[in-house]
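S.K.:
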Amino acid sequence: MSRTKNLVLEKIRKEKIKMKPKWWFVTWAAGMRGGVILAWLMAAMVMAGLWYWWDVNNPKELMGLRDLGWEVLQTNLPYWLMAELGVVVITGGILYSKVGENYKKTTKVLVLIMAGVIIGLTVLMTWLGSRNELELLLKFS
Amino acid sequence: MDEEIIKRVQEGDKEAFGEIVDKYEKKLFWYIKRLINQPEEEVEDVLQEVFVSAYINILGFETTKKFSSWIYRIAHNKAVDYIKSAKNRHHGGKIDEEWEENIEDKKKLIEDLEIEKDERRRVRKAVGGLELKYREVVELYYFDEKSYEEISDILRIPVNNVGILLYRAKKKLKKDLSNE
Numbered sequence: 003m004s005r006t007k008n009l010v011l012e013k014i015r016k017e018k019i020k021m022k023p024k025w026w027f028v029t030w031a032a033g034m035r036g037g038v039i040l041a042w043l044m045a046a047m048v049m050a051g052l053w054y055w056w057d058v059n060n061p062k063e064l065m066g067l068r069d070l071g072w073e074v075l076q077t078n079l080p081y082w083l084m085a086e087l088g089v090v091v092i093t094g095g096i097l098y099s100k101v102g103e104n105y106k107k108t109t110k111v112l113v114l115i116m117a118g119v120i121i122g123l124t125v126l127m128t129w130l131g132s133r134n135e136l137e138l139l140l141k142f143s
Numbered sequence: 018m019d020e021e022i023i024k025r026v027q028e029g030d031k032e033a034f035g036e037i038v039d040k041y042e043k044k045l046f047w048y049i050k051r052l053i054n055q056p057e058e059e060v061e062d063v064l065q066e067v068f069v070s071a072y073i074n075i076l077g078f079e080t081t082k083k084f085s086s087w088i089y090r091i092a093h094n095k096a097v098d099y100i101k102s103a104k105n106r107h108h109g110g111k112i113d114e115e116w117e118e119n120i121e122d123k124k125k126l127i128e129d130l131e132i133e134k135d136e137r138r139r140v141r142k143a144v145g146g147l148e149l150k151y152r153e154v155v156e157l158y159y160f161d162e163k164s165y166e167e168i169s170d171i172l173r174i175p176v177n178n179v180g181i182l183l184y185r186a187k188k189k190l191k192k193d194l195s196n197e
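Protein chains in written order, with my numbering: chain W, 3 to 143; chain V, 18 to 197.
#1: Taking the straight line between their C-alpha atoms, what separation do you get for V/N177 and V/K101?
#2: Against chain V, which members of the segment 100-112 of chain W pass a CB distance test of less than 7 Å?
#3: Locate the alpha helix (DSSP H) running through W/S4, then write down its first and last residues.
#4: In the structure shown, what three-state DSSP assignment does V/I49 receive?
#5: How about W/T128: is its C-beta nearer than 8 Å to some C-beta of chain V?
#6: Helix, strand or coil for V/D30, going by three-state DSSP, please let me know.
#7: Could you round the C-beta distance between V/L182 and V/I171 to whole angstroms and report it? I think they count as a contact, below 8 Å.
#8: So with CB distances below 7 Å, who are the chain W contacts of V/V38?
#9: Does any residue of chain V have a CB that is nearer than 8 Å to the CB of W/K24?
#10: Short check: CB of V/V63 to CB of W/V10, under 8 Å?
#11: Taking 8 Å as the CB-CB limit, is V/R173 close to chain W?
#12: Under 7 Å between beta-carbons, which chain V residues line up against W/M21? List them in chain order, please.
#13: Find out if the Cβ-Cβ distance for the pair W/K22, V/L76 is shorter than 8 Å.
#14: Contact check, V/L45 vs V/V67 under 8 Å by CB: the rounded distance?
#15: In chain V, which residues lie less than 7 Å from W/R15 when you measure between Cβ atoms?
#16: I want to know whether the segment 84-99 of chain W touches the segment 109-119 of chain W - three or more CB-CB distances under 8 Å.
#17: Under a three-way DSSP split, which group does V/R173 fall into?
#18: Say whether chain W places a C-beta atom closer than 8 Å to the C-beta of V/V97.
#19: How should W/G66 be labelled, buried or exposed, when 16 other C-beta atoms within 10 angstroms of its C-beta is the threshold for buried?
#20: Does the Cβ-Cβ distance between V/Y72 and V/F34 come in under 8 Å?
#21: Should V/F84 be flagged as near chain W, meaning a C-beta pair shorter than 8 Å?
#22: May I ask you to verify whether the segment 45-60 of chain W touches the segment 76-87 of chain W, counting CB pairs closer than 8 Å and requiring at least 3?
#23: How long is the line joining the alpha carbons of V/V97 and W/V125, rounded to whole angstroms?
#24: For chain W, check one thing: does any of its Cβ atoms lie closer than 8 Å to the Cβ of V/S102?
#25: What's the call for W/W42, buried or exposed, on a 16-neighbour Cβ count within 10 Å?
#26: Establish whether the CB of V/N94 and some CB of chain W are separated by less than 8 Å.
#27: I'd like to know whether the C-beta atoms of V/E20 and V/F84 end up nearer to each other than 8 Å.
#28: Spatial neighbours of W/S99 within its chain, please: CB distance less than 6 Å, with the 5 preceding and 5 following residues excluded, ordered by chain position.
Below you can see the structure in the form of structure tokens.
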């Protein structure tokens, strides 16, 4: 018997190492998928909030007011919401690339799928959500 | 065949894991050795970690998939961890001769690089000098005789990227060999 085999089997027999239970792997996989869904839902929610902000503030019109408009725009920009969007999109992207056999997909395909789902959810949320909810989101950000 | 053994291990047959060690020990030893290029004792330590990790995580392995790709993936991770770790300071010298003996059978690599068989020392040096991402693909394709699909599963990269990396690695090798 080889040295490696001896050492490994001894550890197994003496129960110095034990198999991780099946539920651990099931929970891990479910957690990853849940994490992706949560990150994408949050990204869509934040995008809906940003869309609402754009609709209310009308930056194009503000830019027409030159310096004053620029100042107002800078003051009103929802910085936190934008940072939040970056964080959830990156987190969602990383988690999604690690789910199942997604490593077989190219980065381009992964990004396209993710963008498609997030934009779809944003449209759905903007369409279904009430102005009050979006206002609330902006307030909290 | 692998699947049957894995099922037995998963059902609690501890001794069956010895059959896995028997089957993969030599292949993984060489795979790790070529990647980390360290003395035998260091390679054995990494190899042991691979089998320990495989045993701990064996219930996470789905028997519908290829076991060899799964265990090679673990070996890849452990080897990369080793390379990154601070203990990788000294360089083993013994590998050269063994590697050269090993390359004698690898006609495909010799053919692909369009070099003479007796130039194996130079090939060894050139492969050893490749960046890890290229070296790994060359090792897996030419030495462990894995398919693109299997390499994709081991390195967790798209199949197309395997082809691209292999193409670039060969190009670099040819360039290095012609520059010497």
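Just so you know, even glycine gets a beta-carbon here, dropped at the ideal spot from N, CA and C.
M.R.: Checking against the coordinates, here is how it stands:
#1: 27 Å
#2: Residues passing the 7 Å Cβ filter: Y105, K106, K107 and T108.
#3: Careful: W/S4 lies outside any alpha helix (DSSP H) and carries neither H nor E.
#4: Helix at V/I49.
#5: It does not: the Cβ of W/T128 has no partner Cβ on chain V nearer than 8 Å.
#6: coil
#7: Incorrect: roughly 12 Å between the Cβ atoms, too far for contact.
#8: T6, K7 and V10, listed in chain order.
#9: yes
#10: no
#11: yes
#12: Y72, I73, I75 and L76
#13: yes
#14: 6 Å
#15: K31
#16: yes
#17: coil
#18: no
#19: Burial check for W/G66: the Cβ neighbour count within 10 Å stays below 16, so the residue is exposed.
#20: yes
#21: no
#22: In short, these stretches touch, since the Cβ pair count reaches three.
#23: Between V/V97 and W/V125, the C-alpha separation is close to 43 Å.
#24: no
#25: buried
#26: Taking 8 Å as the threshold, the shortest C-beta distance from V/N94 to chain W does not fall below it.
#27: yes
#28: Within the same chain, Cβ atoms closer than 6 Å to the Cβ of W/S99 are found at L112, the five residues on either side in sequence being excluded.
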